[in-house]
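Number of protein chains: 2
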Amino acid sequence: MVGHLTPPPALEWSVDNCTIARAMAILGEKWTVVVLRDVFSGIRRFDDMRVRTGIPRQVLTNRLAALVEHGVLRREPYREPGARVRYEYRLTEKGLDLYPVLIAVAEWGDRYLADPEGPPLSYVHRDCGAEVRVEMRCADGHDIDGKRAVLPQPGPGAHRRT
Amino acid sequence: MVGHLTPPPALEWSVDNCTIARAMAILGEKWTVVVLRDVFSGIRRFDDMRVRTGIPRQVLTNRLAALVEHGVLRREPYREPGARVRYEYRLTEKGLDLYPVLIAVAEWGDRYLADPEGPPLSYVHRDCGAEVRVEMRCADGHDIDGKRAVLPQPGPGAHRRT
DNA sequence: AAAGCTAGGTCTCGTTGACAGACGCAGCAA
DNA sequence: TTGCTGCGTCTGTCAACGAGACCTAGCTTT
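Listed in order, the protein sequences are those of chains A and B.
Quick note on numbering: this note's numbering labels position 11 of the first sequence as 12, and the sequence is numbered without any gaps.
Quick note on numbering: this note's numbering labels position 101 of the second sequence as 102, and the sequence is numbered without any gaps.
As structure tokens, this is what we get:
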């Protein structure tokens, strides 16, 4: 416990190695998160995704290739009886680790952007069926009460701007 | 407690009212989350953001306008001594509620995309200085252990596809 | 073996959005 | 009057998206 910290001078740390920007370079391309939503829901095949989402073929091709290239998805061969070998897309560990991102986005969207009848998709705990949410907690185990209780700080990779 | 649930038939619920897609229509535009990162870090003025991020003027103008229009930011007048009135951009409640999203993205980026020296930015608990993380927890209070313990389900707004 | 189906992948072309750089503009100061 | 500041807008170029048609490998059917 160090007492209340004060914000650092905000303009002094750089931005070119920003991990948020890098993450969003992957996740922020149009349709990428929608593809991930489907994959998390067990949709693994090109045409299933395309039909469900309406993503143009080329774009879907690009997104899947990019996600595979970034190690979020992996391409696995499968074979339906009496058909040739095809490939499906499955989450890697790196991909599964996007679950909190997906749920955080869904939670925000559900709160502010849902239709009156509610969101079309929810996430529940497999063991008890209760809705899953994300919560902020600090490494010392304190639950973060208000959002003002979080303080952005320069991290180890921060370097001053010229 | 209902025992383990089995996944629903995945192809049967629709997608056009998806709150994830709607959220990403706001957050997924290029640079939007980077702008938010700055605003959360206390950067509130056009040129400060532009210099720090390198976002082209037009794009920054568009993003700020879009975020204001969506109610994520609000435009507040301020006046430096001996200058005319200008406007700065501040988070609304709706914007502050994006904190879990921002931290979830940062956490994933930090884990997989950071430079060897570490990320340039971290989020700490204002009271104790410990790093803030997001965690998944269900409404019954169970911490979600593995990521396979979450099950996507059709929600109240789900409607079948034709 | 010829023809057709399936689950994708590829090509083309029109439209939108990003980027860089220059210019405009409302106050305030000199 | 001129210049500075903090934005905003205009212009032209290039990449990405969107719609639709066309291609393809391997299987089945005749």
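Glycine included, every Cβ here is placed at the ideal spot set by N, Cα and C.
task: Could you tell me which chain A residues have their CB closer than 7 Å to the CB of L97/B, listed as they occur along the chain?
output: K148
Supposed close pair A140/A, R38/B - CB separation, criterion 8 Å: Incorrect: roughly 21 Å between the Cβ atoms, too far for contact.
- prompt: Exposed or buried, what is D111/A when buried is set at 16 or more other beta-carbons lying within 10 Å of its beta-carbon?
  reply: buried
- prompt: Roughly how far, in whole angstroms, is the beta-carbon of R127/A from the beta-carbon of A150/B, given that I think they are within contact range, below 8 Å?
  reply: 5 Å
- prompt: Out of K31/B, D116/B, E77/B and H71/B, which has the shortest C-alpha to C-alpha gap to V60/B?
  reply: K31/B
- prompt: What does a CB cutoff of less than 8 Å around T33/A pick up in its chain, not counting 5 residues either side in sequence?
  reply: I27, R64, A67 and L68
query: So, does the CB of I21/A fall closer than 8 Å to a CB anywhere in chain B?
result: yes
task: From the DSSP output, in three-state form, read off P9/A for me.
output: Note on P9/A: pLDDT 38, under 50, position unreliable in the model; the coordinate value appears next. In this structure, P9/A counts as coil in the three-state DSSP scheme.
Residues from the region 30-43 of chain A in contact with chain B, defined by Cβ distance under 7 Å: K31, V34, V35, R38, F41, S42 and G43
task: Consult DSSP for E118/A and reduce its assignment to one of helix, strand or coil.
output: coil
- request: Could you pull out every residue in the same chain whose Cβ sits closer than 6 Å to the Cβ of R138/A, ignoring the five residues on either side in sequence?
  value: D144
- request: Can you pull the chain A residues whose beta carbon is under 7 Å from the beta carbon of P82/B, in chain order?
  value: None at all; the shortest Cβ gap to chain A is about 19 Å.
query: Would P121/B be called buried (16 or more neighbouring beta carbons within 10 Å of its own) or exposed?
result: buried
query: Cβ of N63/A less than 8 Å from any chain B Cβ?
result: no
field: E77/B - containing beta strand (DSSP E), residue span
entry: L74 to Y79
query: Any Cβ of chain A within less than 8 Å of the Cβ of Y90/B?
result: no
query: Looking only at its own chain, which residues have a Cβ that is under 8 Å from the Cβ of R87/B, when we skip the five neighbours before and after it?
result: R46, P78, Y79, R80 and E81
Cβ of I56/A within 8 Å of any chain B Cβ: no
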